[in-house]
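Below: one structure, written as structure tokens.
There are 2 protein chains.
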Amino acid sequence: MPRNEQALRDVVEQSAAVLTGAGFPKMPARVLMALMVSDEGGLTAHELAERLGVSAAAISGAVRYLQTVGIVRRLAQSGSRRDRYELPEDTWYAAMTSQSPIYGVLAGLAESAVTAIDDPSSAAGARVDEMARFYRFLDARLPELMAEWEALRNSG
Amino acid sequence: MPRNEQALRDVVEQSAAVLTGAGFPKMPARVLMALMVSDEGGLTAHELAERLGVSAAAISGAVRYLQTVGIVRRLAQSGSRRDRYELPEDTWYAAMTSQSPIYGVLAGLAESAVTAIDDPSSAAGARVDEMARFYRFLDARLPELMAEWEALRNSG
DNA sequence: CGCTCTGTTCACAAAGTTGTGAATTGAATT
DNA sequence: AATTCAATTCACAACTTTGTGAACAGAGCG
């Protein structure tokens, strides 16, 4: 029974809902998941609009977002004037996790809070210092975790 | 120069903005950061409302959210009828990262997509299978990463 | 050179969020 | 039991977000 399309549509919508719950914008999430389960190497804006039941304008906005965060690649097709959107072969998940410098930024902010408090023995000083070290830890370890995944992926 | 209050207010707002950008709701983020930099062991709803310049109702909604996700603890005070809200000594950052089963859920959804596609050799089958394995990887490794942090925190 | 098809942009409308003020509930103190 | 203060809840208003339809721009083909 190849390609249970109904089940795939459900997966697309449910996964998009989970991502949305995690703060990811809705339409980009739907487009991302539609691309994930597409059998072709990519979909055109028209196909995306059709499958998701939304307007071309909505697709335009969503793919622009996805491009800026590096999750989607736009590819002109020879033979058709429709562009194709596809997921980078092996980097989209990296983009979804370690792409943003958010942990480093939070670490930096916490470090300036430590300076502003200027009393390491106080409860606030200790608390904020721990926050700073925690985000520095994440900032350092997450790239390593992604490297670990890369290695695992390439081996087995 | 102990406690540069203006700088701390800035850190609170900027950190809250970063968290908000990452999908965290705004008022809970502001309350969280206000508690982070508070010198006392916790703040009352009234104090929070005062420092953030918002109504008691807004605080009520924010702390309810923070409680449900385990980031904040409510503590009745003897001597006053005002409750105090404080951050768990050592678990709030864990709650912020590994708290939700989101990665496991996404892995499960991707796995059902693999089933629905039912053709491991197809592009879509391979792509979705990789998504499934990636989120399983995160689901397994993130708790380990948190354990690593715990160990680091307790040692040095 | 103009036609057609693709994608973008703009103003607007629909929908959902978020915080407020007022009323209500609840608990502690007298 | 009554009073008083804290916290919650509710309806509403302000704001933001999100997607639509229509106009626009631009590339390639005839």
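Line order of the protein sequences matches chains A and B.
The working numbering puts the first residue of the first sequence at 39, with every later residue one more than the last.
The working numbering puts the first residue of the second sequence at 39, with every later residue one more than the last.
Here a beta-carbon is modelled for each residue, glycine too, at the ideal position from N, C-alpha and C.
Status (buried if at least 16 other CB within 10 Å, exposed otherwise) for residue i
i               : result
P126 of chain B : exposed
A54 of chain B  : buried
R119 of chain A : exposed
L113 of chain B : exposed
G163 of chain A : buried
L46 of chain B  : buried
L147 of chain B : buried
A151 of chain A : buried
A189 of chain B : exposed
Three-state secondary structure (DSSP) of residue i
i               : result
R171 of chain A : helix
L125 of chain A : coil
A60 of chain B  : coil
R112 of chain A : strand
D157 of chain A : coil
S193 of chain A : helix
G117 of chain A : coil
S53 of chain B  : helix
G91 of chain A  : coil
R41 of chain A  : coil
S138 of chain A : coil
Close-in-space but distant-in-sequence residues of the same chain around residue i (CB under 6 Å, 5 per side omitted)
i               : result
R111 of chain B : E124 and P126
T58 of chain B  : K64 and A67
Q115 of chain B : R122
P139 of chain B : none
Length of the line joining the Cα atoms of residue i and residue j
i               : j               : result
L73 of chain A  : I155 of chain B : 14 Å
S76 of chain A  : M65 of chain A  : 16 Å
R174 of chain B : A67 of chain B  : 29 Å
Q105 of chain B : F62 of chain A  : 22 Å
Q52 of chain B  : I97 of chain B  : 19 Å
L90 of chain B  : D48 of chain B  : 12 Å
R102 of chain A : E168 of chain B : 25 Å
V92 of chain B  : L81 of chain B  : 15 Å
G117 of chain A : A161 of chain B : 22 Å
W187 of chain A : Y131 of chain A : 10 Å
E149 of chain A : N192 of chain B : 20 Å
P158 of chain B : M184 of chain A : 24 Å
D128 of chain B : V166 of chain B : 37 Å
A16 of chain A  : R122 of chain B : Residue 16 of chain A is absent from the structure shown; chain A starts at 39 and stops at 194.
G194 of chain B : Q44 of chain A  : 53 Å
V56 of chain A  : E182 of chain A : 26 Å
A60 of chain A  : A60 of chain B  : 8 Å
Spatial neighbours of residue i in its chain, beta-carbon cut-off 8 Å, leaving aside the 5 residues before and after
i              : result
A94 of chain B : A83, H84 and A87
R41 of chain A : D77
Other residues of its chain near residue i: CB distance less than 7 Å, five sequence neighbours each side excluded
i               : result
D177 of chain A : Y141, G142 and A145
V50 of chain B  : R68, M71, A72 and V75
G79 of chain A  : E124
F172 of chain B : none
A170 of chain B : A145, A148, E149 and V152
Endpoints, the alpha helix (DSSP H) within which residue i is located
i               : result
V196 of chain B : Nothing about residue 196 of chain B can be reported from this structure: the residues present for chain B run from 39 to 194 only.
E78 of chain B  : No alpha helix (DSSP H) holds E78 of chain B; DSSP gives it neither H nor E.
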